[in-house]
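Colleague: According to my numbering, the residues represented by the sequence shown are 27 to 604, in order.
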Amino acid sequence: MTSLLLTLILQLQGSAVPPPTRATLPSFRLKEAVRDFPRSQLQLKHSDPVSVDLNQSARASYETLAELAGVNIIFDRDFQNDFFPPLRVEKADILEAFDRLSAVTGNFVEVFDSNTLLVAPNNAAKRLKYGTYGTQVVKTIYLTSANSQQDTARIVTALRTLNMRLLATGGDQKAIVIKDTPDRMAVAAKLVSELAKIDSSEPIAVDPAGNLLIQDGGGMRKSASRRSRLDIRVANFISLNVEQDARSMFEAVAARAGLNILFDRDFQSPGSVRLKFENMDVLDTLDLLALQTGTFWEALDSTTILVAPDNQTKRRDYAPMIEKTLYLDNMENPKQLTEIITCLRAVLNMRYLFSSPTAKAIAMKDTPNQIALAEKIIADLGSATTTEAPTSAGTALDVGSELPALLRSRAVRNLSANHSQLDARFMETVSIDLNESAQRAFEELTGKVGLHVTFDKRLEDAPAGRLTLKDVRIVDALDFLSLQTRTFWNVKESSGTILVAPDTQAVRQELEPRTEKVIPLRNIQTPVGTVEIVTALRTLLNIRYVEGNANGIVLKDTSDNTALVEKLVADLDRLPRY
Numbered sequence: 027m028t029s030l031l032l033t034l035i036l037q038l039q040g041s042a043v044p045p046p047t048r049a050t051l052p053s054f055r056l057k058e059a060v061r062d063f064p065r066s067q068l069q070l071k072h073s074d075p076v077s078v079d080l081n082q083s084a085r086a087s088y089e090t091l092a093e094l095a096g097v098n099i100i101f102d103r104d105f106q107n108d109f110f111p112p113l114r115v116e117k118a119d120i121l122e123a124f125d126r127l128s129a130v131t132g133n134f135v136e137v138f139d140s141n142t143l144l145v146a147p148n149n150a151a152k153r154l155k156y157g158t159y160g161t162q163v164v165k166t167i168y169l170t171s172a173n174s175q176q177d178t179a180r181i182v183t184a185l186r187t188l189n190m191r192l193l194a195t196g197g198d199q200k201a202i203v204i205k206d207t208p209d210r211m212a213v214a215a216k217l218v219s220e221l222a223k224i225d226s227s228e229p230i231a232v233d234p235a236g237n238l239l240i241q242d243g244g245g246m247r248k249s250a251s252r253r254s255r256l257d258i259r260v261a262n263f264i265s266l267n268v269e270q271d272a273r274s275m276f277e278a279v280a281a282r283a284g285l286n287i288l289f290d291r292d293f294q295s296p297g298s299v300r301l302k303f304e305n306m307d308v309l310d311t312l313d314l315l316a317l318q319t320g321t322f323w324e325a326l327d328s329t330t331i332l333v334a335p336d337n338q339t340k341r342r343d344y345a346p347m348i349e350k351t352l353y354l355d356n357m358e359n360p361k362q363l364t365e366i367i368t369c370l371r372a373v374l375n376m377r378y379l380f381s382s383p384t385a386k387a388i389a390m391k392d393t394p395n396q397i398a399l400a401e402k403i404i405a406d407l408g409s410a411t412t413t414e415a416p417t418s419a420g421t422a423l424d425v426g427s428e429l430p431a432l433l434r435s436r437a438v439r440n441l442s443a444n445h446s447q448l449d450a451r452f453m454e455t456v457s458i459d460l461n462e463s464a465q466r467a468f469e470e471l472t473g474k475v476g477l478h479v480t481f482d483k484r485l486e487d488a489p490a491g492r493l494t495l496k497d498v499r500i501v502d503a504l505d506f507l508s509l510q511t512r513t514f515w516n517v518k519e520s521s522g523t524i525l526v527a528p529d530t531q532a533v534r535q536e537l538e539p540r541t542e543k544v545i546p547l548r549n550i551q552t553p554v555g556t557v558e559i560v561t562a563l564r565t566l567l568n569i570r571y572v573e574g575n576a577n578g579i580v581l582k583d584t585s586d587n588t589a590l591v592e593k594l595v596a597d598l599d600r601l602p603r604y
């Protein structure tokens, strides 16, 4: 490490030799890795040197060390419980003992949470899933001694020799924002500190399960929108020692937490899963199950979760999206907005971004995690130059997901003004256990409260799969059944009848009416400001039929999209406060 840093420093201080095209990062060892965020969250109950003979199977040997350390230990489903030559550990640090055991068994040990370690085969795929490449850290480094753009550029060049791609400068070239693995982040911070006087922001991380990890005093706080949405009714912490198929395990954990659970139609239970731990947070248990079974889970409401295969398509279908607007009233130059937008695109790969010089605002649409990271970066850049500091923010607007449109409809329905449009029977609470065809399931569900259902002629009846729900509103049960059957429903002119149809873009365009509406602008009165709002609507909400005129914003769209447009226009129709 020292020789690497010395080489880079000499090159940047004037050597004619070009910087190396690649630098070798140190290999992963648990004892060293726990020094850096976020692995530093690990809290061993016992850290005294240990002496022990490890002469059992690999699993039993890891469990022996975990018991000595006073932590839980869990195993990847591809872990090989082989025997190995006996290993004697004499008066060794407990983490060193884990490293030695991993070296002889071909595994690696990763920090899962503050009280749990995870063991997996030491190969590229598992390291990508759990380890070095699974967790991403975001951090802003302030260059307190950089006097010119050239100084900053030289440091960025040095960082790129570490193959760091997600980095950008900001704060009038006084800050470097980086997103990378914990290992690379530690090397980067060390390198930059050797090249310039620096300060840095508090880091924030995203773990492989999609949780934000935030330093909180001497500890660490785990945050995610799906966690905050849930109302855990029964057990917050559970202990398990079982081996079951994945579906049964998910159902058992959800039942312990008092949650309803849905499974995507493409979910497949990949054999048995073995879990043994004590006093683990129930939501961490769901995260663990998802990681081990190649799935992910999302909260659909306060008492219901959905489990789906973890691939790009399903993430797009179910990952919640929000829109949020940040105001930078102290901004002196519109180029600063461009600098922030460029930084967010480079570091977070955000697509739905828009800046309004008229309102001195940045509007963005993405997952709650991405929005939280973007807010952190903008606040960090504001620490480098006060003119880029956010002064206030609009309300976070839930816009559902990219697909299917059903989740957007749920988001709009949850806006207070839209509940009153439904017949009171939709708000009645039921418990169901259905395992019928799609059409029969809809008929049984609506019949419970005296509603009627008709079916679009293009809907092909097929098995709906099992749907078990306790104490849910009819309106939510209809939505959940639609998710399982890839359909959508609309209330017909007769408020006691719904129409169920295939959830495709073509069918929605035919069945969902589009109406024209004019939204007046009360503050922005210039053509430039109006054009900015129209562009924002097209960029963030994919609104096609929209234009601005002297009367305000004119659009023709569905009632769902119109409701979201009104909220976003209200955020952008403002003048800076000086």
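C-beta: ideal position from N, C-alpha, C; glycine also.
In this structure, how does DSSP classify PRO553 when only helix, strand and coil are distinguished?
Modeller: helix
Colleague: Apart from the five residues on each side of it in sequence, which residues of its chain come closer than 8 Å, Cβ to Cβ, to ALA488?
Modeller: SER463, ALA464 and THR511
Colleague: Name the one or two DSSP bridge partners that GLN4 has.
Modeller: Residue 4 is absent from the model: the chain starts at 27 and stops at 604.
Colleague: Is the beta carbon of ALA562 less than 7 Å from the beta carbon of LEU598?
Modeller: yes
Colleague: Out of curiosity, what's the CA-to-CA distance linking GLN270 and ARG300?
Modeller: 7 Å
Colleague: How many angstroms separate the CA atom of ASP257 from the CA atom of GLU358?
Modeller: Distance from the CA of ASP257 to the CA of GLU358, rounded to the nearest whole angstrom, comes to 44 Å.
Colleague: What does ALA387 pair with, by DSSP beta-bridge criteria?
Modeller: TYR353 and SER382
Colleague: What are the uninterrupted segments assigned as beta strand (DSSP E) that are 3 or more residues long and contained completely in the segment 278-332, given in chain order?
Modeller: 286-289, 298-307 and 321-327
Colleague: Check the DSSP bridge columns for TYR168 and list the partner residues they point to.
Modeller: ALA201 and ASP225
Colleague: Taking THR421 as the reference, give the member of GLU592, SER298 and GLY245 with the closest Cα.
Modeller: GLU592
Colleague: Taking the C-alpha atoms as reference points, what is the distance between LEU91 and ASP62?
Modeller: The alpha-carbon separation between LEU91 and ASP62 amounts to approximately 22 Å.
Colleague: Please name the residue in ALA129, VAL137 and THR455 whose C-alpha comes closest to that of ASP310.
Modeller: VAL137
Colleague: Say whether the segment 276-285 touches the segment 311-322, bearing in mind that this needs 3 or more beta-carbon pairs closer than 8 Å, one atom from each stretch.
Modeller: Because the criterion of three Cβ pairs below 8 Å is met, the segment 276-285 and the segment 311-322 touch.
Colleague: Quick check on ALA172: buried or exposed, where buried means 16 or more other Cβ atoms within 10 Å of its Cβ?
Modeller: buried
Colleague: Any idea which residues DSSP pairs PHE481 with across the strands?
Modeller: PHE481 is bridged to VAL526.
Colleague: So, under 8 Å CB-CB, LEU266 and LYS302 are touching, yes? Tell me the CB distance rounded to an integer number of Å.
Modeller: Between the beta-carbon of LEU266 and that of LYS302 there is about 7 Å, and that keeps the pair under the 8 Å contact cut.
Colleague: Could you tell me which whole beta strand (DSSP E) segments of length 3 or greater appear in the segment 78-154?
Modeller: Whole beta strand (DSSP E) segments, 3+ residues: 98-101, 113-118, 133-139 and 142-147.
Colleague: Do LEU121 and LYS200 have their beta-carbon atoms positioned less than 7 Å apart in this structure?
Modeller: no
Colleague: First and last residue of the alpha helix (DSSP H) that includes THR588?
Modeller: 585-598
Colleague: Might you give, ordered along the chain, the residues of its own chain that have their beta carbon closer than 7 Å to the beta carbon of THR556, omitting 5 neighbours on each side?
Modeller: LEU547, ILE550 and GLY574
Colleague: Which residue or residues does DSSP assign as beta-bridge partners of ILE545?
Modeller: ILE579
Colleague: Buried or exposed: which applies to ASN262, given that a residue is buried once 16 or more other Cβ atoms fall within 10 Å of its Cβ?
Modeller: exposed
Colleague: By DSSP's criteria, ILE264 is part of a beta bridge. Which residues make up the other side?
Modeller: MET306
Colleague: Assuming MET306 and THR142 form a contact by the criterion Cβ under 8 Å, report the distance between their Cβ atoms to the nearest whole angstrom.
Modeller: 7 Å
Colleague: Does ARG603 pass the burial test, meaning 16 or more other C-beta atoms within 10 Å, or should it be called exposed?
Modeller: exposed
Colleague: For THR351, which option in LEU326, LEU423, THR321 and GLY320 has the closest C-alpha, if you only look at C-alpha atoms?
Modeller: LEU423
Colleague: Taking a contact to mean a Cβ-Cβ separation below 7 Å, would you say SER87 touches PHE109 in this structure?
Modeller: no
Colleague: Name, in chain order, the residues that DSSP records as bridge partners for VAL456.
Modeller: VAL498
Colleague: Output the distance between the C-alpha atoms of LYS582 and ASP336, rounded to the nearest integer angstrom.
Modeller: 36 Å
Colleague: Is ALA92 a contact residue of the ligand GTP, with contact defined as CB to any heavy atom under 6 Å?
Modeller: Within the structure as shown, the ligand GTP is missing, as the structure has no ligands at all.
Colleague: How close, in whole Å, do the beta carbons of GLN162 and VAL232 come, if the pair is a contact with beta carbons under 8 Å?
Modeller: 5 Å
Colleague: Quick check on GLN531: buried or exposed, where buried means 16 or more other Cβ atoms within 10 Å of its Cβ?
Modeller: Burial call: exposed.
Colleague: Around the C-beta of PRO64, are 16 or more other C-beta atoms found within 10 angstroms, so that it is buried, or is it exposed?
Modeller: buried
Colleague: Does the segment 365-373 touch the segment 182-198, meaning 3 or more C-beta pairs lie closer than 8 Å?
Modeller: yes
Colleague: Under DSSP, the alpha helix (DSSP H) around ALA194 begins and ends at which residues?
Modeller: Taken as a continuous stretch (DSSP letters only), ALA194 belongs to no alpha helix (DSSP H), being part of the beta strand (DSSP E) at 193-196.
Colleague: Can you give the Cα-Cα distance for LEU601 and THR339, rounded to whole angstroms?
Modeller: 39 Å
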